[in-house]
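In our numbering, the protein residues as written are 183 to 339. All C-beta atoms in this analysis are idealised placements derived from N, C-alpha and C, irrespective of residue type, glycine included. Note sheet for the following structure.
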């Protein structure tokens, strides 16, 4: 009789597996999934804290949390959302107004992405340029006008 297989690593699950989202996972894959979920929750909490600090508010409105969830479902990452806010308010220098909320993210997400790609290319070129240091040996010659002094022995004088 064939045992159940883990959908992530395709190994046969020995004993009882761990159920997550209606699927049975082995121990190692289940731990990886839990770590991913915890990392995602921490990243989302950091984004919410950043937004609170940026707009100087105590609590995020429900509509903003729903907006973050919608943006995430549409394929935007939490790091990309944060970078968009940094780009719009810190780099472009706009004033953070709570009245506008997170509505600028849809408009400036792609522009921020292109800006980040350009900055990474510049950093990569700088690193490559620093690695290409050339060693140059410089020989210093005596000037022609300087005459060599003759050495006299004391006995010859």
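Using three-state DSSP, classify residue 202 as helix, strand or coil. In the chain shown, counting from the first residue as 1, residue 202 sits at position 20. Three-state DSSP puts residue 202 in a strand.
Check whether the Cβ atoms of residue 284 and residue 246 lie closer than 8 Å to each other. Counting from 1 along the chain shown, the entry for residue 284 is found at position 102. Counting from 1 along the chain shown, the entry for residue 246 is found at position 64. For residue 284 and residue 246, yes; Cβs fall inside 8 Å.
Measure how close the beta-carbons of residue 266 and residue 282 come, nearest whole angstrom, since I'm counting them as under 8 Å. Here residue 266 refers to the residue found at position 84 when the chain shown is read from its first residue. Here residue 282 refers to the residue found at position 100 when the chain shown is read from its first residue. A Cβ-Cβ distance of about 13 Å is found for the pair residue 266 and residue 282, leaving them out of contact under the 8 Å criterion.
Report the rounded CA-to-CA distance for residue 289 versus residue 263, giving the unit in angstroms. Here residue 289 refers to the residue found at position 107 when the chain shown is read from its first residue. Here residue 263 refers to the residue found at position 81 when the chain shown is read from its first residue. Distance from the CA of residue 289 to the CA of residue 263, rounded to the nearest whole angstrom, comes to 11 Å.
Considering only the alpha carbon of each residue, which of 280, 232, 297, 254 lies closest to residue 274? Your numbering for residue 274 matches position 92 in the chain shown. When each option's Cα is compared against that of residue 274, the closest is 297.
Find out if the Cβ-Cβ distance for the pair residue 260, residue 226 is shorter than 8 Å. Stepping through the chain shown from its first residue, residue 260 is reached at position 78. Stepping through the chain shown from its first residue, residue 226 is reached at position 44. Going by C-beta atoms, residue 260 is nearer than 8 Å to residue 226.
If I follow the unbroken alpha helix (DSSP H) through residue 186, where does it start and stop? Here residue 186 is taken as the residue at index 4 of the chain shown, counted from 1. Residue 186 -> no alpha helix (DSSP H), and no H or E assigned at all.
With a Cβ-Cβ cutoff of 8 Å, do residue 191 and residue 211 count as a contact? Along the chain shown, one-based indexing puts residue 191 at 9. Along the chain shown, one-based indexing puts residue 211 at 29. In this structure, residue 211 lies closer than 8 Å to residue 191 by Cβ.
Test item: CB-CB of residue 271 and residue 236 under 8 Å: Against the chain shown, residue 271 aligns to sequence position 89. Against the chain shown, residue 236 aligns to sequence position 54. In this structure, residue 236 lies closer than 8 Å to residue 271 by Cβ.
How far does the alpha helix (DSSP H) with residue 256 in it reach, from first residue to last? One-based indexing of the chain shown puts residue 256 at position 74. Counting along the chain, residue 256 falls outside any alpha helix (DSSP H), and DSSP gives it neither H nor E.
Are the CB atoms of residue 196 and residue 188 nearer to each other than 8 Å? Here residue 196 refers to the residue found at position 14 when the chain shown is read from its first residue. Here residue 188 refers to the residue found at position 6 when the chain shown is read from its first residue. The answer is no: Cβ separation not under 8 Å.
Own chain, CB closer than 7 Å to residue 280, minus 5 neighbours either side, in chain order: Within the chain shown, numbered from 1, the residue matching residue 280 stands at position 98. Within the same chain, residue 280 has close Cβ partners 237, 239.
Going by beta carbon distance, what residues of the same chain come within less than 7 Å of residue 208, once the five residues before and after it are set aside? As a working note, residue 208 is residue 26 in the chain shown. These residues qualify, in order along the chain: 188, 191, 193, 195, 199.
Alpha carbon to alpha carbon, what distance is there between residue 317 and residue 221? Numbered from its first residue, the chain shown carries residue 221 at position 39. Numbered from its first residue, the chain shown carries residue 317 at position 135. Spanning the two alpha carbons is a distance of roughly 46 Å.
Neighbourhood of residue 186 by C-beta, 6 Å cutoff - its chain only, sequence neighbours within 5 removed: Along the chain shown, one-based indexing puts residue 186 at 4. Correct list, in chain order: 195, 206.
Rounded to a whole number of angstroms, what is the C-alpha to C-alpha distance between residue 293 and residue 223? To locate residue 293, count along the chain shown from 1; it is residue 111. To locate residue 223, count along the chain shown from 1; it is residue 41. Rounded to the nearest angstrom, the two C-alpha atoms are 26 Å apart.
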